[in-house]
Structure formats: C-alpha cells, structure tokens
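Q: Residue numbers (this note's numbering), protein chains in the order written: chain Y, 929 to 1208; chain D, 19 to 366.
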Ligand SMILES: Nc1ncnc2c1ncn2[C@@H]1O[C@H](COP(=O)(O)OP(=O)(O)OP(=O)(O)O)[C@@H](O)[C@H]1O
Ligand SMILES: [Mg+2]
C-alpha cells in the first residue's frame, strides 16, 4: 500500500519533470524575445555572454515615438474582426443548410466548399491582385477584411457544420412541434447549442487572418493599410541599422493577441457540446 | 381537442417497412395507448401524427382536416420525446416557457402556467437549472411539463415515464390521467409498461412489426385477445401458449389434455392464463420445475413434455422441484388459435 503510493508519487514527479522540460523548450524562444525586448541595444549584440542582463525601456520608447504601431494594430484589429464577423454571418446559415436540409448533392457541395482551401494561395495571388486593382480596392483595410473573410469562409463553414451535425435532430423536432419556425430554431436552439463550435471556428479564423501575409503584402501596398504581420516583416528599425531589441518587442506584441485567442479556444474546446440535451 | 383519423398510413425506409397499412380512428378526448415491442413502429407513428415524418402513403386527419401537407409547427400538437429533447442552453424555466412564447400566449400568463406545470411534475425547485444539471428522471419530467404547459389539440407522449422509479411513476400516472380528463385533450401515449397501458388507456392498440394486432379497451385486450401475439404479449406473466392438435372435441399436447369445441381441429395452439390454472387435476401432468413466491402470490412453473407452463398458485403453495404435479384449466377461459396465429372464436 505504502509502496504503491510512493511509486505513484514518483511517477507523478517524473511526469512533471518531463512536461516541464518540454514546456521550457517550447517557451524558451518567447522568453528570449521578451528578454531581448527589455534590454539595451548594445547588450543585445555583444558577442560575449552576459550573465546578469540589465534592464532598459529603450526599445519601447523607440517603437512608440518612431513607428506607427497603433495604426498597424488598428488595421489588424479592424480587418481581422470584420472578416470574422462576415464569415460567421455567411457560414452559420450555410452550415445549417448543409447539416440539415436534404437536397441533392449536399455532400458534394460541402466538399467543394472545403476544396477551395486546398489550393496553394500563390496560384490565385495574381488574379486576386488584378481583381482588387480593377475594383479600386488596393491599399485599403476593407479590402483586407474581404480577402481574409474569403480565405477563411470555407473552413469556418466546415467547422460549424460538423458541430451542427452533432446536435440531436430531436431538439429541432421538439422546437418545431412547440411552434418555432426555421429562423427561430436556428437562432434560439442551434446557434446556442453549437456556440463552442462557433467560437472555435471564429478563433481559428482570427488566428489565420492575423498571420495572413501573402495577400496582405499584395493588397496593402503602403503602410497605410499594413497590418502587424506585414509591418513586422518590413520593420528593421529605420535609418540606424537593425535594431534587434525593438524587433523582438514588436514580435512579442504581435504574438500576444494570438496567445489570448488560443487560451480562449482551449476553454471552449473542452466543454461538452450538448450536455443534458438527450438521454444518457 | 380533436379526433385523429389515420387512413392506411404507411412508412417505409427503403425496403424496410416501419409502419404498414395502419388505419385507426381516435375519438375526441380519447386516451389511446400504443403498446408493442421495441422497434414495432410506435415512435414512427407518433412522429407522423406530429408532422415530423412524412408518411410514404396514407392520410392523417386531425379535427376533420387533412394535415398531410400541414407543417409540424402548425399542427398544434404537443409531444414528449422519447429522448426528452430539452433545449440544453435554456434553464428548465425557459424550456417550459418556450412553447408559450412560440404560440404567442400573452406574457402575463407565462409565469403562473410554468409554475403550475412544474409543480405537477414536482420540479418546482429545479426551474433555474440547466437540463445538464438534472438527473434522467428529472429531465423526463421537465420534458413532460413542457408538453402540458399549453393546451394543444393533441398530446403525443412517447414513453414519458420510462425513466422514473416505481413510486413516482405511479403518482405521475395518476396526474397525467387526471390532467387529460380535465383538459380534455386527445392523447396518444406510448409505453412498454402494461400496467401503465391498462390503467391509463381508454383503448389500447397493440402493434407488432409495424402492423396493428388489435385495438380494444384494456378489458377486451386482456380477456379477448385476437391472436397469439396479443395473448403472449399481455399479462404478466403472459398467457401460456401450448401447441398441440385438436380432434373430436379434445386438445392434446405432450402432458396436456383439455376439452375444446368440435370445430377446433388440426394443429392449434391452446392459450390459458396462469391465473386460470389451478394446482391439482389432470389437464396437465408434469413435473414441478420451479416455485417463485412473490409475497402476495406464488408462481409455479410446471414442465410438461418440452413445454413450461406458468401457474398462479395459492400464496402459501410450496413444493420441491421435480415432484409430479397436476394442473386443472378453468374451462371457461381457454383460448384456441389456428395455425396462422389467429383466434378461433366460439371455443368453450
Ligand atoms: N430513419 C430511419 N431509417 C431506417 N429505419 C428506421 C428509421 N427510423 C426508424 N426506423 C426503423 O423503424 C422501426 C420502427 O421504429 P420506431 O422508432 O417507431 O420503434 P418504436 O416502436 O418506437 O421502438 P422503441 O420502443 O424501441 O422506441 C425500427 O425497426 C427502426 O429501426
Ligand atoms: Mg420509440
């Protein structure tokens, strides 16, 4: 008895050690970035190892005074949030139709929608560029919003549909006999029941949109429409050469929203989908 | 408040027949119970009446109006689903309120109605909970409350008490019956429980493999079964069915001999209920196979040839196994069925 408990304690310790070690390996680059961002420029590029780093807010000052970070952040937020809203508005009804209505070729349509994701983006980059140019939409945040929405729409539809398929049909039958119409059922029964799926899809779409680079670079031709992802790539620190500590700090700032989104998604992914709806 | 007519109703799934050629007249304010083994088409029949399943063939008339083309939401029926189908994101209060909101019942009436329905199913203390935080029996009662909170044309209840303990089931049974009489709503009720069927029903419909076997009052179903299926399905323990041959007014099977009418002849099945058998005598000559005292009665199983015959014996009857024993049948309560399983009428 005592022995069994001891060995369980040991295996628990071992587990913590292994997992902790792995977490450190994963986190090290991020922590390193952070530490560089808060150290003076000279110290970052010195060839000799430093055991006691000193602390400095130089990089912060530089970013705030010389670089339109607020504008880039705002562009990112507007384009990403707008694209997610568009995606949800289109995907929820589409997913419902694909999940519930019986019509010919339903499975095929579902697959076609997803197959738009299978193409390499570079193939459509040039046509898209000319399309947006002709429409006069270059160099605008609204164009980015549209393109992000288009890129993610199929995936969002597919994820939400798979959640909707898991909702017992009896729920809708009950609502219908209770006197609800299609739209009421969608709004009051289906959407709340697959809310975790909707949130998951929205977060995944947001992450993809934040990281989107190719089309953003093409369409946002000047810094007016740059989002964080492109601005970051263009950022070298200006006329004074490469300023590593500022670059590290910008990278970290770009990383924070994604971190928050991933934490959000985690909470919802583990939640039961239709707890207590049916027997069992 | 409406009568329901089913005319040659049929539901096929590909080649499989879920419900076949079902014709039934359910009177206004009637309490009709559908009884049958699992998979016999009870739920399918209910879903067709509710408008959730499109019949392959046949007509459904509710309150004199053909409703085949009427959408489920406009049929004005309330249904208790076998799987409860509570809305998981809403509290029990909101669940029960949902039909009131959908049917545009004035908001001022909601609260009183909801509390009344919840009290009826003894769920008043759970109104704030989500379905996920209730036990199976509580969920089932919430589903029942949601159905009875308004006064529809028709109640459809698919095994609404199946998950409750014996005591609660008994009290809910009485409540349902009382409420149905009070509201005068035509009710179709599915159950596996014979006691429930017997006590609740104005008429019982026995189904098997998608087809109606017999329709009648509980009394008729019990004392006048139309075929071997109904005879063997109703009663607990059910009727003894003994296959044998009849000629010259005598039925015989290994270890069994009983009188029958002259027109009963050939290969037939004799049916006799355990309570119409008495220990002693010589209709059956067999061996005691088992004795089961249940408190208020004792069940005796007699082996005659290969056949086991159940007998309801006196409460204090006791015997060791493998003792020879004789049984007498009550000659007034013998049933004979032909080779096709149908009852041969006029038997003594
Ligand atoms: N969508 C479907 N496709 C194919 N077969 C079906 C479908 N729905 C029901 N069935 C079949 O129809 C038959 C009747 O089903 P139904 O649900 O009406 O049975 P039931 O009498 O309610 O049984 P239980 O007492 O177990 O609830 C079953 O054999 C079932 O397998
Ligand atoms: Mg059923």
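All C-beta atoms, glycine included, are put in the ideal place defined by N, C-alpha and C.
For ligand 2, list every residue whose C-beta falls under 7 Å from any of its heavy atoms, going in chain order.
A: The answer, residue by residue, is 60/D, 61/D, 100/D, 176/D, 177/D and 208/D.
Q: Apply the 10 Å Cβ neighbour rule to residue 267/D and answer buried if 16 or more other Cβ atoms are within range, or exposed otherwise.
A: The count along the second chain starts at 1 and reaches residue 267/D at position 249. The residue in question, residue 267/D, is exposed, as its Cβ has fewer than 16 Cβ neighbours within 10 Å.
Q: Find out if the Cβ-Cβ distance for the pair residue 1011/Y, residue 1073/Y is shorter than 7 Å.
A: Position 83 of the first chain holds residue 1011/Y. Position 145 of the first chain holds residue 1073/Y. Yes.
Q: Under 7 Å Cβ-Cβ, which residues of chain D neighbour residue 1120/Y?
A: Here the question's residue 1120/Y lines up with position 192 in the first chain. Result: 107.
Q: Determine the closest residue to residue 347/D out of 275/D, 362/D and 282/D, with distance taken between C-alpha atoms.
A: The count along the second chain starts at 1 and reaches residue 347/D at position 329. The candidate whose alpha carbon is nearest that of residue 347/D is 275/D.
Q: May I ask you to list, following chain order, the residues of the region 73 to 98 of chain D that have a beta carbon less than 7 Å from some beta carbon of chain Y?
A: The region 73 to 98 of chain D vs chain Y, Cβ under 7 Å: 90, 91, 95, 96 and 97.
Q: Please report the distance separating the alpha-carbon of residue 159/D from that of residue 144/D.
A: As a first step, residue 159/D must be located in the second chain, where it is residue number 141. As a first step, residue 144/D must be located in the second chain, where it is residue number 126. Looking at the two C-alpha atoms, the distance is approximately 11 Å.
Q: Just to make sure I have the definition right: I need the residues of chain D whose C-beta is within less than 7 Å of the C-beta of residue 1099/Y. Which are they?
A: Taking the first chain and counting its residues from 1, one reaches residue 1099/Y at position 171. Chain D residues near residue 1099/Y: 103 and 105.
Q: What are the residues in the region 116 to 144 of chain D lying within 8 Å of chain Y by C-beta distance?
A: Listed by position, the residues of the region 116 to 144 of chain D near chain Y (Cβ gap below 8 Å) are 116, 117, 120 and 121.
Q: Kindly list, in the order they appear in chain Y, the residues whose Cβ is closer than 9 Å to that of residue 68/D.
A: Here residue 68/D refers to the residue found at position 50 when the second chain is read from its first residue. Those within 9 Å of residue 68/D in chain Y are 1101, 1104 and 1105.
Q: Sort 1120/Y, 1084/Y, 1177/Y and 1144/Y by Cα distance to residue 997/Y and report the nearest one.
A: The sequence position of residue 997/Y within the first chain is 69, counting from 1. Closest by alpha carbon: 1177/Y.
Q: Assuming contact is defined by CB atoms lying nearer than 7 Å, are residue 53/D and residue 215/D in contact in what I supplied?
A: Here residue 53/D is taken as the residue at index 35 of the second chain, counted from 1. Here residue 215/D is taken as the residue at index 197 of the second chain, counted from 1. Yes, the pair counts as a contact, with Cβ atoms nearer than the cut-off.
Q: Rounded to a whole number of angstroms, what is the C-alpha to C-alpha distance between residue 196/D and residue 208/D?
A: Here residue 196/D refers to the residue found at position 178 of the second chain. Here residue 208/D refers to the residue found at position 190 of the second chain. The straight-line gap from Cα to Cα measures roughly 17 Å.
Q: Does any residue of chain D bring its CB to less than 7 Å from the CB of residue 1088/Y?
A: Residue 1088/Y sits at position 160 when you count from the first residue of the first chain. No - not a single Cβ of chain D is within 7 Å of the one on residue 1088/Y.
Q: Find the residues of chain D that neighbour residue 1014/Y, judging by a C-beta separation of less than 8 Å, and give them in chain order.
A: Residue 1014/Y sits at position 86 when you count from the first residue of the first chain. The contacting residues do not exist; residue 1014/Y stays about 25 Å from chain D at best.
Q: Can you pull the chain D residues whose beta carbon is under 7 Å from the beta carbon of residue 1117/Y, in chain order?
A: Indexing the first chain from 1 puts residue 1117/Y at position 189. Under the 7 Å cutoff, chain D gives 105.
Q: Quick one: using the 10 Å Cβ neighbour count with 16 as the cut-off for buried, is residue 954/Y buried or exposed?
A: Looking up residue 954/Y in the first chain gives position 26. Counting Cβ neighbours within 10 Å, residue 954/Y comes out exposed, since fewer than 16 surround it.
Q: Does the separation of the CB atoms of residue 1015/Y and residue 1069/Y fall below 7 Å?
A: In the first chain, residue 1015/Y corresponds to position 87, counting from 1. In the first chain, residue 1069/Y corresponds to position 141, counting from 1. Taking 7 Å as the Cβ cut-off, residue 1015/Y and residue 1069/Y do not qualify as a contacting pair.
Q: Suppose the cutoff is 6 Å on Cβ atoms and the five residues either side in sequence are ignored; what does the same chain contact list for residue 1137/Y look like?
A: Within the first chain, numbered from 1, the residue matching residue 1137/Y stands at position 209. 1008, 1011 and 1076.
Q: Among 85/D, 29/D and 165/D, which residue has its Cα nearest to the Cα of residue 22/D?
A: Looking up residue 22/D in the second chain gives position 4. Checked all of 85/D, 29/D and 165/D; the closest Cα to residue 22/D is 85/D.
Q: Under 8 Å Cβ-Cβ, which residues of chain D neighbour residue 1108/Y?
A: If you number the first chain from 1, residue 1108/Y lands on position 180. Result: 91, 116 and 120.
Q: For residue 273/D, tell me which candidate among 300/D, 244/D and 127/D has the shortest Cα-Cα distance.
A: Here residue 273/D corresponds to residue number 255 of the second chain, with the count starting at 1. Nearest C-alpha to residue 273/D: 300/D.
Q: Can you name, in chain order, every residue of its own chain whose Cβ lies under 7 Å from the Cβ of residue 104/D, other than the five neighbours on each side?
A: The residue given as residue 104/D occupies position 86 in the second chain. Cβ neighbours of residue 104/D beyond the five flanking positions: 113, 149, 157, 160 and 161.
Q: For residue 1096/Y, return the contacting residues in chain D, with the cut-off set at a CB-CB distance below 9 Å.
A: In the first chain, counting from the first residue as 1, residue 1096/Y sits at position 168. Per Cβ cutoff of 9 Å: 101 and 103.
Q: For the alpha helix (DSSP H) that residue 1149/Y lies in, which residues bound it at each end?
A: On the first chain, residue 1149/Y is found 221 positions in, with the first residue counted as 1. Here residue 1149/Y belongs to no alpha helix (DSSP H), and DSSP marks it neither H nor E.
Q: To the nearest angstrom, how far is the alpha carbon of residue 70/D from that of residue 179/D?
A: Mapped onto the second chain, residue 70/D falls at position 52. Mapped onto the second chain, residue 179/D falls at position 161. Those two C-alpha atoms are separated by around 22 Å.
Q: For residue 344/D, which residues from the same chain have a beta carbon less than 7 Å from its beta carbon, with the 5 sequence-adjacent residues on both sides left out?
A: Residue 344/D sits at position 326 when you count from the first residue of the second chain. Around residue 344/D: 298, 299, 300, 302 and 303.
Q: Please report the straight-line C-alpha distance between residue 152/D and residue 107/D, rounded to a whole angstrom.
A: Mapped onto the second chain, residue 152/D falls at position 134. Mapped onto the second chain, residue 107/D falls at position 89. Rounded to whole angstroms, residue 152/D to residue 107/D spans 13 Å at the Cα level.
Q: What does the Cβ neighbour count give for residue 939/Y, buried or exposed, with the cut at 16 atoms within 10 Å?
A: Mapped onto the first chain, residue 939/Y falls at position 11. Result: exposed.
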